[in-house]
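Protein chains in written order, with the numbering used here: chain A, 1 to 98; chain B, 99 to 318.
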């Protein structure tokens, strides 16, 4: 197997899914944001976004914090250190592959 | 040419200007400095605004009030209008080092551009004093900065280019029709810039409210 193919096969599949990649692209450049912000920017539906976030939380890439803004519930989201490293590695891997 | 992915990564940066607060803040700043500067040069010499330390004290009180207004207006709009509609986002510290030499080079280039502008204007305009000409030479820089802002931050609002055109033509008209030796010409120009920016930001805010309704509350 040549280097390019190996780089493609080594890509992190948790990040590689288009919906989750969008989430990473947005969370990667901010400190934190809430669920509504991601919903607005990714234009996914709530169910889809929730299931992607659950997978990312399970992988240890995203930290989810349930809180309140006044009396309104708010879900805060941020990339963990492992998530940032995985995203950097993914981008390097993708560059190497192409 | 940027990829869709790079555009997506730049979205959070642009999200800060969805609601027009950035323009409104710059507009308030220009209005504040324009107004404070104008009263300091245009009012009679025996006015309290022009009496040594009282005048300076009033000027700094005005600046503090303006800063308070800028911060307060932004916070209220973000908390009550923007975040409930399009979500809350907190930006990362870019972590870049501040280089003094870059700052110094920038100031030197800026001064050279202004000096060249004043020298150019002096050849054609003999009606105004050099202070007014310095203010006039500043105007293309405001226009250029606003054009850059629109290009980077306002891609969803192409009508802003018309606002830019209006601003540039308005400034040109003020420079051309101002009577010779008008006191506070520069400050009047700054007031005009402030009104345009504040108005444009206000229009963006109205459009934002019209096109974005807060979602119904349910589980996330």
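From the three backbone atoms N, C-alpha and C, an ideal C-beta is built for every residue, glycine too.
Since the model is a prediction, treat every value here as computed from it, not as a measurement.
Check, Outcome
"Which of the three DSSP states is assigned to residue 281(B) in this structure?", "coil"
"Going by alpha carbons, who is nearest to residue 286(B) out of 298(B), 271(B), 207(B)?", "271(B)"
"For residue 118(B), return the contacting residues in chain A, with the cut-off set at a CB-CB distance below 7 Å.", "Under the 7 Å cutoff, chain A gives no residues; its nearest Cβ is about 17 Å from residue 118(B)."
"How big is the Cα-Cα spacing for residue 93(A) and residue 84(A)?", "14 Å"
"Keeping to the same chain, check which residues put their C-beta closer than 7 Å to that of residue 366(B); ignore five residues upstream and five downstream.", "In the structure as shown, chain B begins at 99 and stops at 318. Residue 366(B) is therefore absent and cannot be evaluated."
"Beta carbon of residue 135(B), beta carbon of residue 146(B): below 8 Å?", "no"
"For residue 78(A), which residues does DSSP report across the bridge?", "63(A)"
"Pairing CB atoms from the region 11-21 of chain A with CB atoms from the region 67-77 of chain A, are three or more of them under 8 Å?", "no"
"Would you mind sorting residue 95(A) into buried or exposed? The rule is 16 or more other CB atoms within 10 Å of its CB.", "exposed"
"Can you tell which of 253(B), 313(B), 281(B) has the C-alpha that lies nearest to the C-alpha of residue 225(B)?", "281(B)"
"Where in the region 165-252 of chain B do unbroken runs of the alpha helix (DSSP H), each at least 4 residues long, occur, reported from the N-terminal end onward?", "181-184, 198-222, 228-251"
"Give me the DSSP bridge partner(s) of residue 152(B).", "Residue 152(B) pairs with nothing; no bridge assigned."
"Could you pull the DSSP bridge partners for residue 33(A) from this structure?", "77(A), 187(B)"
"Can you round the beta-carbon distance between residue 312(B) and residue 178(B) to whole angstroms, since I take them to be within the 8 Å contact cut?", "Their Cβ separation, rounded to whole angstroms, is 10 Å, which puts residue 312(B) and residue 178(B) out of contact at 8 Å."
"Among residues of its own chain, excluding the 5 on either side of residue 112(B), which ones have a beta-carbon nearer than 6 Å to its beta-carbon?", "251"
"Is the CB of residue 190(B) under 8 Å away from at least one CB in chain A?", "yes"
"Using a C-beta cutoff of 8 Å, does residue 162(B) count as contacting chain A?", "no"
"Between the region 257-266 of chain B and the region 196-212 of chain B, are three or more C-beta pairs nearer than 8 Å?", "no"
"Please check the pair residue 37(A) and residue 187(B), which I expect to be a contact at CB under 8 Å, by giving their CB distance rounded to whole angstroms.", "5 Å"
"Taking just the CA atoms, how far does residue 223(B) sit from residue 290(B)?", "21 Å"
"Taking residue 46(A) as the reference, give the member of 75(A), 29(A), 80(A) with the closest Cα.", "75(A)"
"Establish whether the CB of residue 22(A) and some CB of chain B are separated by less than 8 Å.", "yes"
"Below 8 Å between beta carbons: does that hold for residue 29(A) and residue 238(B)?", "no"
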